[in-house]
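Here is the structure we will look at, set down as structure tokens.
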Amino acid sequence: MALLRRRAKIAETLFAFAVIMFGFSVDSLPRARLLLRPRSLLFPFVFLSIALFLILPFRAHAYGVLAHEALIDAAWDTSILPLLLERFPNATPEELRHAHAHAYGGAIIQDLGYYPHGSHTFSNLLHYVRAGDFVRSPWRARALHRR
Numbered sequence: 629m630a631l632l633r634r635r636a637k638i639a640e641t642l643f644a645f646a647v648i649m650f651g652f653s654v655d656s657l658p659r660a661r662l663l664l665r666p667r668s669l670l671f672p673f674v675f676l677s678i679a680l681f682l683i684l685p686f687r688a689h690a691y692g693v694l695a696h697e698a699l700i701d702a703a704w705d706t707s708i709l710p711l712l713l714e715r716f717p718n719a720t721p722e723e724l725r726h727a728h729a730h731a732y733g734g735a736i737i738q739d740l741g742y743y744p745h746g747s748h749t750f751s752n753l754l755h756y757v758r759a760g761d762f763v764r765s766p767w768r769a770r771a772l773h774r775r
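Just add 628 to wherever you are in the sequence shown, counting from 1, and you've got my numbering.
Encoded structure:
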């Protein structure tokens, strides 16, 4: 008896979900109730399809190019510029504009593979496998250049 009540409660929940998600009209409600009754042959199919709809992930949208650059702009005056001026107190405004341009480039270089004619493998490796090595390589190259 408790199992039937539980199934009926699940059926009512699925029915409410189907009404909201699939837009059953008032005229089709009795027919929809028949489909979602626990003893109906279609109940497992309807239950499984709704469960899969809820479980499967939705497509995630990543930041675009302008969003990456907007993050640089948002952090420039409060975080990046003071650090640059602390490290390089004699920097000219022209050098600071040049540094700002390089910051834009650094914000989007990892995503170059996602642009038309780009290498998705490059970007995937850079994001998920070798990100730290990519960031450290300019310092290594600079140290070798100074020797």
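We treat Cβ as the ideally placed atom computed from N, Cα and C, and that holds for glycine.
Keep in mind the model is a prediction, meaning the values are calculated, not measured.
**Report entry** Inter-residue Cα distance where the pair is residue 708 and residue 729
**Finding:** If I take the Cα positions, the gap works out to 12 Å.
Report task. Count the other CB atoms, across all protein chains shown, that sit within 10 Å of the CB of residue 735; report buried if there are 16 or more and exposed otherwise. Result -> buried
Query raised in the report: If residue 732 sits next to residue 700, beta carbons under 8 Å apart, how far is it from one beta carbon to the other, in whole angstroms?
Result: The beta-carbon separation of residue 732 and residue 700, rounded to 6 Å, stays under the 8 Å limit for a contact.
**Report entry** 4-residue-minimum alpha helix (DSSP H) runs that sit fully inside the region 682 to 750, ordered along the chain
**Finding:** DSSP runs (the alpha helix (DSSP H)) wholly in the region 682 to 750: 693 to 703, 709 to 715 and 721 to 736.
Requested in this report: Look at the alpha carbon of residue 727 and the alpha carbon of residue 696, and state the distance between them as a whole number of angstroms.
Outcome: 16 Å
Query raised in the report: If we count the other Cβ atoms within 10 Å of its Cβ and call it buried at 16 or more, is residue 693 buried or exposed?
Result: exposed
Requested in this report: Output yes or no for whether 9 Å exceeds the beta carbon distance between residue 719 and residue 712.
Outcome: yes
Query - Other residues of its chain near residue 654: CB distance less than 8 Å, five sequence neighbours each side excluded - result: The predicted model places residue 654 with a pLDDT of 48, which falls under 50 and marks its position as unreliable; any figure quoted below should be read in that light. Answer for residue 654: no residue qualifies.
Requested in this report: Taking all protein chains shown into account, decide if residue 754 is buried (16 or more other Cβ within 10 angstroms of its Cβ) or exposed.
Outcome: Classification of residue 754: buried, given that the 10 Å Cβ count is 16 or more.
Query raised in the report: Would the beta-carbon of residue 751 fall within 9 Å of that of residue 761?
Result: No, they are not a contact pair.
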